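Just so you know, we're using numbering that gives the first Met the number 0 here: the sequence shown kicks off at 0 and counts up by one.
For every residue, glycine included, the Cβ atom is placed at its ideal position computed from N, Cα and C.
Note that the structure is a prediction, hence the values are computed from the model and not measured.
One structure below.
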Amino acid sequence: MTPIKRNKNPAGDFKKSVVRIDLDDWKRLDAIKTKYKFKSIYEIMQYLVGAFLRVADPEHEENDDPIPDEITEMFSDFAQAERQFNYSKPKRALPQHVKDEKNGQLRFKF
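This is how it looks when you write it as C-alpha cells:
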C-alpha cells in the first residue's frame with residue numbers, strides 16, 4: 000500500500016480531532032495495531048479518515064489510484080444510515096475541593 004501524501008504545507012495547517020471510543024473498541028484497535036505493525040492507534044485513525052474521504056469526496060482527491068470495491072462498499076450505506084452512535088459526553092473537570100468533599104474530606108472554613 001502506498002502512503003498517502005497529505006502534507007501540502009510543511010508549516011502545518013491542521014486541525015485536531017479527538018475520538019472517544021469505549022475500552023473494548025480500543026483493545027480491538029490495539030490488537031490490530033500490533034498485528035498489522037501500525038505505529039499507533041492514531042495512525043490507524045488517519046488511514047480510516049483518508050479512506051473515507053476518498054469515497055465520500057472523490058472530487059477533491061489527488062490520488063488517482065482506483066479505490067478497492069471493498070472500501071467503496073464499506074462506506075456506501077452511510078449516506079442513508081440511521082445508526083445510533085453510543086456517544087459518551089466528556090465530563091467537565093470538577094474543582095479539587097468538590098472531589099475532596101466527595102471523598103469525605105472536610106473543608107476548612109476560615
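| Item | Value |
| --- | --- |
| Close Cβ partners of residue 60 (< 6 Å) along its chain, the five nearest in sequence each way excluded | 53 |
| N- and C-terminal bounds of the alpha helix (DSSP H) containing residue 24 | 22-34 |
| The segment 38-46 / the segment 16-28 touching (three or more Cβ pairs under 8 Å) | yes |
| Distance between residue 106 and residue 96 (C-alpha atoms, nearest Å) | 7 Å |
| Beta-carbon proximity check, residue 44 vs residue 18, cutoff 8 Å | yes |
| CA-to-CA distance, residue 70 to residue 63, given in whole angstroms | 15 Å |
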